[in-house]
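Throughout the sequence shown, residue numbering follows mature numbering (1 follows the signal peptide of the UniProt record, and there is no 0), covering -23 to -1, 1 to 509 in sequence.
For each residue, glycine too, the CB sits at the ideal point set by N, CA and C.
The model shown is predicted, which means the values in this text are computed figures rather than measured ones.
First up is the structure itself, then whatever we jot down about it.
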Amino acid sequence: MKTSKLVALAGASVLSLSAGAFAHAQPGRAVDVLIKGGTVYDGGQGAGVTADVAISGGKVVFVGDAAKAKITATTSIDAKGKIVAPGFIDPHTHYFEDLSSTDADTRRNLAAAMQGVTTVFVGSDGRAAPEVKDTFAKLEQNGVGTNVATYVGFGTLRQRVLGDSDRAPNAAELEQMKGMVAKAMCEGALGLSTGLFYPPQSYAKTEEVIALAKEAAKRGGTYDSHIRDESSYTIGLKGAVQEVFDIGRGAGIPVHIGHIKALGVDVQGQAGEIIKMVEAAQASGLKVTADQYPWAASGTGLSAALLPRWAQVDGEAAMLKRLSDPTLGPKIRAEMAENMRRRGGPDSLLLTRTPVDEAKGKTLAQIAKAWDVDPIEAAVRLLQRGDAGVASFNQSEDDIKAFMRQPWVMTSSDGSEGHPRKYASFAEKYAKYVKAEKTVSMADFVHRSTGLTADTFGLTGRGYLKPGYYADVVVLDPATYAPKATYVQPELLSVGAEQVLVNGKFVVRDGKPTDALPGAGVLHAPTAGSCN
């Protein structure tokens, strides 16, 4: 692919597309692919209807009765008894490392594609460079399996300018960061992403974030945040949600809460109150949305879960020195114990990635018992060996379902290594919450995985099965579409997404991955005149 194709598939060129921009396939026309007789959910909120979907030149050209229109095809797919939907859009992932790998198989992004995900957002939690144009050019040059859009990351900017220090930027430093946001937005970033829970972003005051969010707002972007506190670590869940609203109002920007949840024993049961806060903010005129992954366990680092933020100032070496300090060490351990309590205790922390092989797959309680030490000392030993990843079981099913039912909450994965959410979030949501428990309907599941996400972030030309839209399509077998990944075996590919097309090319054919790398950069078009 050439760079010109990247631009043609995204950015301002995308904005010229609409449902009526391409005529329906002419009677008797031959098309590239015809998906026949499936139950089509077009990405909107309507019920599924039996229809055929025709694809040519990488776009949907017809939805209806192909036989009546006398449409023929080079490739025909019998989708009778199957679900046909737009390819799913994942608005919160950590797939960038896979997509930028030197290994072509890794760049196929099968963890996403085998679930029916055709577009992923990277740069979540404030981790994304401002060089969007260069980044996407490299991705396209190498080829990727799924489409990709990106934020510009507050954490990346702050680290470049301030390092890991706990201080506010001076006027010149703030201007430097604002310039980076403007550059990224003008090159196609979706908006500004933050991870205010994590150092060094956690050291920033609200006013600093507002200053940078204003630059994204000027160019039509969105403010997306892993909020400062999903639990009771600092300002509390309610305080952190209120901070998102304050940033949105202060910057004049739509806001999006990443992987919305009530994390830990102190805030479980607060979903209803958070929902009321969001609805009140929406009623006041603020645009508020959120995404959610369908798992009771979050995934994070052991350091992020247990260490106080002050102990992490200036990076890992400084943190390890403090842990060994006779005065500071006991204080850190006491705060770690409190953080472990709020997450549900050592039995709730499953070690999924660790420098100590014998600890992987065990809870912190189990490895502490094996080492004959208390759980906090076991955690310190792991941190001294290079941290660890944990699946932290900290959410209630009632809260998960309450958030999931909201019309402003879309599906996401927060896909990262060591957690089944990377390989199975969309399949898990369908299998558990649509098929088994009927928490949401099939139409809701599709809409909140496609059209809602596209509409929220301005992905014109994607998210729907309509003539003129890019042919990102998934054909699911409702009887077999299911996750295989588990907390113990998190890297198993999902099954039941029988056909997956990205820009009209099969990345999954008859349930098996292909070698195709047809993904493209999806660039957000900045507000007209904002980048002159």
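For MET387, list the residues DSSP reports as bridge partners. Residue pairing from DSSP places MET387 in a beta bridge opposite ASP268.
**OP:** Check whether the Cβ atoms of MET313 and ILE353 sit closer than 8 Å, and answer yes or no.
**Re:** Result yes, Cβ atoms of MET313 and ILE353 sit closer than 8 Å.
- How about ASP55 and GLY481: are their beta carbons less than 8 Å apart? no
Please say whether ARG425 and THR463 have beta carbons closer to each other than 8 Å? no
Review point. So, PRO460 versus PRO397, is the Cβ gap smaller than 8 Å?
Key: For the pair PRO460 and PRO397, the CB atoms are nearer than the 8 Å cut-off.
- Query: Under the three-state reduction of DSSP, which class applies to TYR72: helix, strand or coil?
  - Reply: coil
Among the candidates ALA149, MET91 and PHE174, whose CA atom is the shortest distance from the CA of PHE131? PHE174
| said: Please classify THR430 as buried or exposed, where buried requires at least 16 other C-beta atoms within 10 Å of its C-beta. | reply: Classification of THR430: buried, given that the 10 Å Cβ count is 16 or more.
Endpoints, beta strand (DSSP E) assigned at SER275: Run containing SER275: 274 to 278, per the beta strand (DSSP E) assignment.
Point to revise | Touching by the beta-carbon criterion (3+ pairs, under 8 Å), the region 156 to 173 and the region 124 to 138 | key: yes
Cβ-based neighbour list, LEU469, same chain, cut-off 7 Å, excluding 5 preceding and 5 following:
Counting only Cβ-Cβ distances below 7 Å, and skipping sequence neighbours, we find TYR400, LYS461 and ALA462.
Query raised in the report: Quick one: is ASP111 buried, meaning 16 or more other Cβ sit within 10 Å of its Cβ, or exposed?
Result: exposed
Exercise for review: Classify residue 510 as buried or exposed, calling it buried when 16 or more other Cβ atoms lie within 10 Å of its own Cβ.
Suggested key: Residue 510 falls outside the range modelled here, since the chain spans only -23 to 509, and no answer is possible.
message: From the DSSP secondary-structure annotation, give me the bridge partner or partners of ASN124.
response: THR96
- Task: Give a yes or no on contact between the region 59 to 66 and the region 14 to 22, applying the rule of three or more CB pairs nearer than 8 Å.
- Result: yes
- Query: For ILE187, which residues from the same chain have a beta carbon less than 8 Å from its beta carbon, with the 5 sequence-adjacent residues on both sides left out?
  - Reply: These residues qualify, in order along the chain: ASP223, ILE224, GLY227 and ALA228.
Sort GLU152, VAL423, ARG286 and GLU256 by Cα distance to ASP143 and report the nearest one. ARG286
Q. Rounded C-beta distance between ALA89 and TYR72? I'm assuming under 8 Å.
A. 6 Å
Task: 3-residue-minimum beta strand (DSSP E) runs that sit fully inside the region 208 to 251, ordered along the chain - done: 232 to 234
State the Cα-Cα distance for the pair ASN316 and VAL290, rounded to the nearest angstrom.
-> 18 Å
**Prompt:** If you drop the 5 nearest sequence neighbours on each side, which residues of the same chain put their C-beta closer than 6 Å to that of ALA267?
**Reply:** ILE234, ILE237 and VAL386
- Query: When you compare only the Cα positions, how much space is there between ARG137 and ALA145?
  - Reply: Rounded to whole angstroms, the separation of the alpha carbons of ALA145 and ARG137 is 14 Å.
Q. DSSP puts ARG486 in a beta bridge; with which residues?
A. LYS489
Per DSSP, cross-strand counterpart(s) of GLN476:
VAL452
Would SER273 pass as a contact of ILE377 if the rule is Cβ separation under 8 Å? Checking the displayed sequence, the identity of residue 273 turns out to be Ala instead of Ser. Yes, these two residues count as a Cβ contact at 8 Å.
Item checked: Nearest-angstrom Cβ-Cβ length linking GLY276 and GLY366, presumed shorter than 8 Å -> 7 Å
Next on the checklist: Just to confirm the assignment: which complete beta strand (DSSP E) runs, minimum length 3, are found wholly within the region 281 to 325?
Outcome noted: none
Relative to the alpha-carbon of SER208, which residue among GLY246, GLU117, PHE65 and ALA368 has its alpha-carbon at the smallest distance? GLY246
- Within the region 4 to 62, note down every full beta strand (DSSP E) run reaching 3 residues or more, in order along the chain. Positions of the beta strand (DSSP E) runs, each at least 3 residues long and wholly inside the region 4 to 62, are given as 7 to 17, 26 to 33, 36 to 41 and 49 to 55 in order along the chain.
| query | Buried or exposed: GLY428, going by 16 or more other Cβ atoms within 10 Å of its Cβ? | reply | buried
Between which two residues does the beta strand (DSSP E) holding GLY132 run? Run containing GLY132: none in the beta strand (DSSP E); it sits in the alpha helix (DSSP H), 131 to 139.
*Between which two residues does the beta strand (DSSP E) harbouring THR199 extend?*
Residues 199 to 203.
Could you check which residue in SER393, GLY122 and PHE39 has the C-alpha nearest to that of THR83? GLY122
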